[in-house]
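Structure, as structure tokens:
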Amino acid sequence: MMTEDNFKFSTRAIRAGTHRTNEREHSEAIFPTSSFVFDSAQHAADVFSGEQKGNLYSRFTNPTVQAFEERLASLEGAQRCVATASGMASILTTCMSLLNAGDHVVVSRNVFGSIVVLFEQHLSRFGLEVDFVDLIDITSWEAAIKPNTKMLFLESPSNPLTQIGDITALADLAHNHNSLLVVDNVFCTPALQTPLALGADVVVHSATKYLDGQGRGIGGAVLGSNELMDKVFSFMRTAGPSMSPFNAWIFSKGLETLKIRMQAHCDNALILATWLEKQDSVQVVNYPGLSSHPQHQLALKQQSGFGGILSFEIEGGKAAAWRLMDNAKLACITANVGDTKTILTHPASTTHSRLSLEQKQQAGISDGLVRVSVGLEDIDDIKQDFAQSFI
Ligand SMILES: *Cc1c(COP(=O)(O)O)cnc(C)c1O
């Protein structure tokens with residue numbers, strides 16, 4: 001029998017979470033409403049008490065948001081998804097739901113800049129203990145674990161160096177120490193990597209990036225078992241970092257083309273990475289698809305593609321990096337990744353500028369490092385743009 005569960009990825013990306021209304025619309029409807037109407041006072045009381053299922057208020061649930069949640073849960077192979085207002089809200093919500101004051105968290109040093117700030121400057125004020133470790137050094141993870149460790153957190157491939165964390169090994173380590181493994185799956189998306197199948201307990205997303213893929217909105221998601229997501233949902237509906245129905249609609253439509261977009265991003269990125277490696281002024285290219293990447297084999301094992309993000313170090317430090325970026329005619333300088341448009345970022349002076357010099361050095365963010373989110377423009381034009389920018 002053809003049920004939703006045994007449809008293949010692309011079919012689920014297009015069909016999962018479809019709930020046609022009586023209007024018989026083909027494209028999914030949007031429900032931009034803050035609240036929902038009850039038939040009677042009794043009905044309202046029953047929905048409030050949970051005796052009857054139903055929508056009540058869009059901070060809690062909204063049909064458009066639920067459709068997105070069902071679709072993404074299906075793609076990640078998760079029992080349940082809780083959508084959030086942003087990727088950072090998904091991480092905050094995960095921590096507030098699953099941790100307590102006095103708990104200890106081990107976090108990869110090689111994560112999105114705001115994640116470091118969230119743990120170090122904000123969650124620490126509420127009694128959460130945090131230690132940062134090197135993503136690829138398993139012994140440093142093990143050494144950091146304490147009796148009160150409750151969570152390990154990583155991003156793979158990492159931003160912006162594209163280092164690969166061994167998700168299965170770190171899941172085993174977490175479970176041997178009564179901890180949860182949380183994986184930020186923004187760079188791969190479920191089209192290229194499903195961390196839950198590799199042993200992770202929770203996946204967090206910034207839907208802002210590839211899930212939309214066209215730079216149109218801010219959103220996020222937390223995914224995992226019903227047991228964990230009950231806690232996540234309970235915090236989310238009360239504290240309110242909820243996703244807007246307008247954004248949920250955009251993200252649901254984005255998911256429909258996720259697989260073919262990711263494949264095209266991978267193809268363009270590999271060609272550009274290979275070309276960059278041959279340029280005289282380029283000292284190193286970080287892209288998991290290159291055989292020169294130190295963890296190419298691990299990437300092959302746990303991902304079905306290498307993604308659309310690469311970074312490279314240019315000779316001449318910040319001045320050379322900035323000159324190259326200012327010379328670009330096609331690629332834009334903007335604070336996003338995972339867009340159809342090619343994007344250039346200078347991590348040391350933007351995304352990672354809040355890190356101290358020591359933190360930057362530990363995370364490998366040099367002044368000559370340029371991150372490229374390789375878009376879906378014709379690869380010949382992208383290469384040509386870089387060629388004229390190097391001059
Ligand atoms: C952008 C990003 C986030 C944060 O998501 P927002 O939607 O900007 O809040 C988290 N992790 C990674 C890897 C990201 O690229």
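Residue numbering for the sequence shown follows the numbering used here, starting at 1 and increasing by one per position. For every residue, glycine included, the Cβ atom is placed at its ideal position computed from N, Cα and C.
Quiz prompt | Ranges of the beta strand (DSSP E) found wholly within the segment 273-353, counting only runs of at least 3 | solution = 282-286, 309-314 and 343-345, all fully within the segment 273-353.
Quiz prompt | For valine 106, the residue or residues it bridges with in DSSP | solution = The bridge partners DSSP lists for valine 106 are Asp131 and Leu152.
Practice problem: Keeping to the same chain, check which residues put their C-beta closer than 6 Å to that of asparagine 55; ignore five residues upstream and five downstream. | Solution: Annotation for asparagine 55: Phe36 and Thr61 place their beta carbon closer than 6 Å to its own, counting only its chain and skipping 5 residues before and after.
Quiz prompt | Cβ-based burial, histidine 293 [other Cβ within 10 Å; buried from 16] | solution = Counting Cβ neighbours within 10 Å, histidine 293 comes out buried, since at least 16 surround it.
Quiz item: What is the DSSP secondary structure of leucine 72, reduced to helix, strand or coil?
Solution: Leucine 72: helix per DSSP, three-state reduction.
Quiz item: How should methionine 1 be labelled, buried or exposed, when 16 other C-beta atoms within 10 angstroms of its C-beta is the threshold for buried?
Solution: With a pLDDT of only 49 at methionine 1, under the threshold of 50, the placement of this residue in the model should not be trusted; the figure read from the coordinates follows. The residue in question, methionine 1, is exposed, as its Cβ has fewer than 16 Cβ neighbours within 10 Å.
Quiz item: Where does methionine 1 fall in DSSP's three states?
Solution: Low confidence applies here, because methionine 1 scores a pLDDT of 49, under 50, leaving its location unreliable; read the following figure in that light. Methionine 1 falls in the coil class under three-state DSSP.
Self-check item: Segment contact flag, the segment 88-97 with the segment 57-72, C-beta cutoff 8 Å, min 3 pairs
Solution: Taking one beta carbon from each stretch, the segment 88-97 and the segment 57-72 have fewer than 3 pairs nearer than 8 Å; the two do not touch.
Practice problem: Pick out whichever of Pro32, Ile138, Asp212 and Ala174 has its Cα sitting closest to the Cα of phenylalanine 187. | Solution: Nearest option by C-alpha distance: Asp212.
Practice problem: In angstroms with no decimal places, state the Cα-to-Cα distance between glycine 220 and alanine 83. | Solution: Glycine 220 and alanine 83: Cα-Cα distance of roughly 6 Å.
Quiz item: Looking only at its own chain, which residues have a Cβ that is under 6 Å from the Cβ of valine 117, when we skip the five neighbours before and after it?
Solution: Setting aside the 5 residues that flank it on each side, valine 117 is surrounded in the same chain by Arg354, each with a C-beta closer than 6 Å to its C-beta; the list follows chain order.
Self-check item: Same chain, Cβ closer than 6 Å to leucine 270, neighbours up to 5 away in sequence not counted
Solution: Within the same chain, leucine 270 has close Cβ partners Gly289.
Practice problem: Indicate the three-state DSSP secondary structure (helix, strand or coil) for alanine 200 in the structure shown. | Solution: In the structure shown, alanine 200 sits in coil (DSSP, three-state: anything other than H, G, I, E or B).
Self-check item: Counted within 10 angstroms of its Cβ, other Cβ atoms place glycine 165 as buried (16 or more) or exposed
Solution: Of the residues assessed, glycine 165 falls on the buried side of the cut-off, its CB having 16 or more other CB atoms within 10 angstroms.
Self-check item: According to DSSP, residues forming a beta bridge with leucine 376
Solution: Looking at the DSSP assignment, leucine 376 forms no beta bridge with any residue, so it has no partner.
Self-check item: Cβ pair lysine 341, histidine 352 closer than 8 Å
Solution: No, these two residues do not count as a Cβ contact at 8 Å.
Quiz item: What first and last residue would you give for the alpha helix (DSSP H) that runs through glycine 254?
Solution: For glycine 254, the enclosing alpha helix (DSSP H) stretches over residues 245-256.
Exercise. Measure the alpha-carbon distance for phenylalanine 38 versus phenylalanine 153 and round it to whole angstroms.
Key: Straight-line measurement puts the Cα of phenylalanine 153 at about 42 Å from the Cα of phenylalanine 38.
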